[in-house]
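A.B. asks:
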Amino acid sequence: MDKLNNIAIITGASSGLGAEYAKLLDQEGLDELWLIARRGGKLANLAEKLHTPCRCLNMDLTDESKLDELEQELSSQGPRVRYLVNAAGFGCIGLSRECPRKKLQQMVKLNDMAVLDITEMCIPFMTKGSIIMEIVSCSAFHPIPNLAVYAASKAFLLSYSRAMSVELADLGIKITAVCPFWIKDTEFVDKAKETDKHHVYRDMPGATNVRSVAEKSLRAAKAGAVVCTPDMVSSLHRIVASILPHWLLARVCK
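The sequence shown begins at 1 in the UniProt record's numbering and counts up by one.
As structure tokens, this is what we get:
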């Protein structure tokens, strides 16, 4: 039997955390990086800067037909998925009733349904030592007004990751929910700056950066952490959310 290629699959790889993980995993001696995002041009530009051979997959992960294409690619190539990083996602800031309903639906499709589908389709191609990283958020720890659907979508991922860590333990597959605080150098923040409300979202004190989050969370994932809070604020957030009632935290965050 031919040796399976060791690969990493990274969604949301065209920018932000996804691109940063691609740069870090470029140093892991893998046979191939599978980079997934909607913007093929940005993927190609990133691939040119990396040493590991890259397979650039221009896909909108809210399109089920694209997920089917990814599954077919896995089946035809038969790689060993050494790393899976689900970094694709987006949020809508503001009152839920003021966000377009279709945008909220797309958010849940990308943040949850696509992550679930990709994770489950990749598990059969993983072996002992494989690592799954679900990019969550510290907003998953309790409900947050003005980020209601986004926080709820991340709470789903956190719960899913915790349960899957037990389900996958006997296979030797690790899964980590990465729950950072505000990351200042991502397109999520660029979108936040478009709003004329909630200035605190535009200039969040204690914000971290993609390099720090990616490096710390990758180390944590390798060490087997189920939940990673890669900065001081997210760590404090996690502790406070485990102590105070969520109704109170929701009022404080309003």
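In this text, a Cβ means the ideal position worked out from N, Cα and C, and glycines have one as well.
1) Excluding the 5 residues preceding and the 5 following residue 92 in the sequence, name in chain order all residues of the same chain whose CB lies nearer than 7 Å to its CB.
2) Checking 8 Å against the spacing of the C-beta atoms, do residue 46 and residue 19 come in under that value?
3) Under 8 Å: do the stretch 166-186 and the stretch 122-130 share three or more Cβ pairs, one atom per stretch?
4) Please report the distance separating the alpha-carbon of residue 184 from that of residue 226.
5) Distance check for residue 178 and residue 250, CA to CA, integer angstroms please.
6) Measuring only the C-alpha atoms, how far is residue 38 from residue 22?
7) Consult DSSP for residue 182 and reduce its assignment to one of helix, strand or coil.
8) Using the Cα positions of residue 65 and residue 26, report the straight-line distance between them to the nearest angstrom.
9) Rank 138, 134 and 117 by C-alpha distance to the C-alpha of residue 236 and give the top, closest one.
10) Residue 62 and residue 13 look like a contact to me (Cβ under 8 Å); what is the Cβ gap, rounded to whole Å?
11) DSSP three-state call for residue 39: helix, strand or coil?
12) Considering Cα atoms alone, identify which of 60, 245 and 48 is closest to residue 109.
13) Which residue comes first and which comes last in the alpha helix (DSSP H) that contains residue 243?
14) Can you check DSSP and say which residues form a bridge with residue 266?
15) Taking only runs of the beta strand (DSSP E) that begin and end inside the stretch 53-121, which ones reach a length of at least 3 residues, in chain order?
16) On the criterion of 16 or more Cβ atoms from any shown chain inside 10 Å, does residue 53 qualify as buried, or is it exposed?
17) How would you call residue 95, buried or exposed, if buried means at least 16 neighbouring beta carbons within 10 angstroms?
18) Keeping to the same chain, check which residues put their C-beta closer than 6 Å to that of residue 229; ignore five residues upstream and five downstream.
19) In this structure, does DSSP put residue 252 in helix, strand or coil?
20) Taking the straight line between their C-alpha atoms, what separation do you get for residue 244 and residue 140?
21) Residue 123 by DSSP, collapsed to three states: which one?
22) Please report how far the alpha carbon of residue 209 lies from the alpha carbon of residue 135, in whole angstroms.
23) Between the alpha carbons of residue 120 and residue 83, how many angstroms are there, rounded?
24) Check the DSSP bridge columns for residue 174 and list the partner residues they point to.
25) Give the DSSP-derived three-state secondary structure of residue 166 in the structure shown.
C.D. replies: Taking the structure as given:
1) Taking the first residue of the sequence shown as 1, we reach residue 92 at position 92. Closer than 7 Å at the Cβ level, and outside the excluded window around residue 92, lie 99, 103, 104, 107, 149 and 150.
2) Within the sequence shown, the letter at position 46 stands for residue 46. Within the sequence shown, the letter at position 19 stands for residue 19. Yes.
3) yes
4) Residue mapping note: residue 184 aligns to position 184 of the sequence shown, counting from 1. Residue mapping note: residue 226 aligns to position 226 of the sequence shown, counting from 1. Answer to the nearest angstrom: the Cα atoms are 24 Å apart.
5) Mapped onto the sequence shown, residue 250 falls at position 250. Mapped onto the sequence shown, residue 178 falls at position 178. If I take the Cα positions, the gap works out to 22 Å.
6) For the purposes of this step, residue 38 is identified with residue 38 of the sequence shown, where counting begins at 1. For the purposes of this step, residue 22 is identified with residue 22 of the sequence shown, where counting begins at 1. One C-alpha to the other measures close to 16 Å.
7) The sequence position of residue 182 within the sequence shown is 182, counting from 1. If DSSP states are grouped into helix, strand and coil, residue 182 belongs with coil.
8) If you number the sequence shown from 1, residue 65 lands on position 65. If you number the sequence shown from 1, residue 26 lands on position 26. About 29 Å.
9) Here the question's residue 236 lines up with position 236 in the sequence shown. Ranking the options by Cα distance to residue 236, first place goes to 138.
10) Here residue 62 refers to the residue found at position 62 of the sequence shown. Here residue 13 refers to the residue found at position 13 of the sequence shown. That belief does not hold up - the Cβ atoms of residue 62 and residue 13 are roughly 16 Å apart, past 8 Å.
11) In the sequence shown, counting from the first residue as 1, residue 39 sits at position 39. Here residue 39 sits in coil by DSSP.
12) Residue numbering aside, residue 109 sits at position 109 when the sequence shown is read from its first letter. When each option's Cα is compared against that of residue 109, the closest is 60.
13) Here residue 243 corresponds to residue number 243 of the sequence shown, with the count starting at 1. Looking at the DSSP string, the run of the alpha helix (DSSP H) that includes residue 243 is 232-243.
14) This structure gives no information on residue 266, because the portion of the chain shown stretches from 1 to 254.
15) 54-58 and 80-86
16) Sequence index remark: in the sequence shown, residue 53 carries index 53 (1-based). Under this definition residue 53 is an exposed residue.
17) For this step, residue 95 is matched to residue 95 along the sequence shown. So residue 95 ends up on the exposed side.
18) Taking the first residue of the sequence shown as position 1, residue 229 is located at position 229. Result list for residue 229: 179, 235 and 238, in chain order.
19) Here residue 252 corresponds to residue number 252 of the sequence shown, with the count starting at 1. Of the three classes helix, strand and coil, the one that applies to residue 252 here is helix, per DSSP.
20) Taking the sequence shown and counting its residues from 1, the one referred to as residue 244 is at position 244. Taking the sequence shown and counting its residues from 1, the one referred to as residue 140 is at position 140. When rounded, the distance between both Cα atoms is 15 Å.
21) Start at 1 with the first residue of the sequence shown, and residue 123 comes out as number 123. Of the three classes helix, strand and coil, the one that applies to residue 123 here is helix, per DSSP.
22) The count along the sequence shown starts at 1 and reaches residue 209 at position 209. The count along the sequence shown starts at 1 and reaches residue 135 at position 135. Rounded to whole angstroms, residue 209 to residue 135 spans 14 Å at the Cα level.
23) Working through the sequence shown from its first residue, we reach residue 120 at position 120. Working through the sequence shown from its first residue, we reach residue 83 at position 83. Distance between the alpha carbons of residue 120 and residue 83: 13 Å.
24) Locating residue 174 in the sequence shown gives position 174, where the first residue counts as 1. For residue 174, which the question treats as bridged, DSSP gives the partners 131.
25) Here residue 166 is taken as the residue at index 166 of the sequence shown, counted from 1. Residue 166 falls in the helix class under three-state DSSP.
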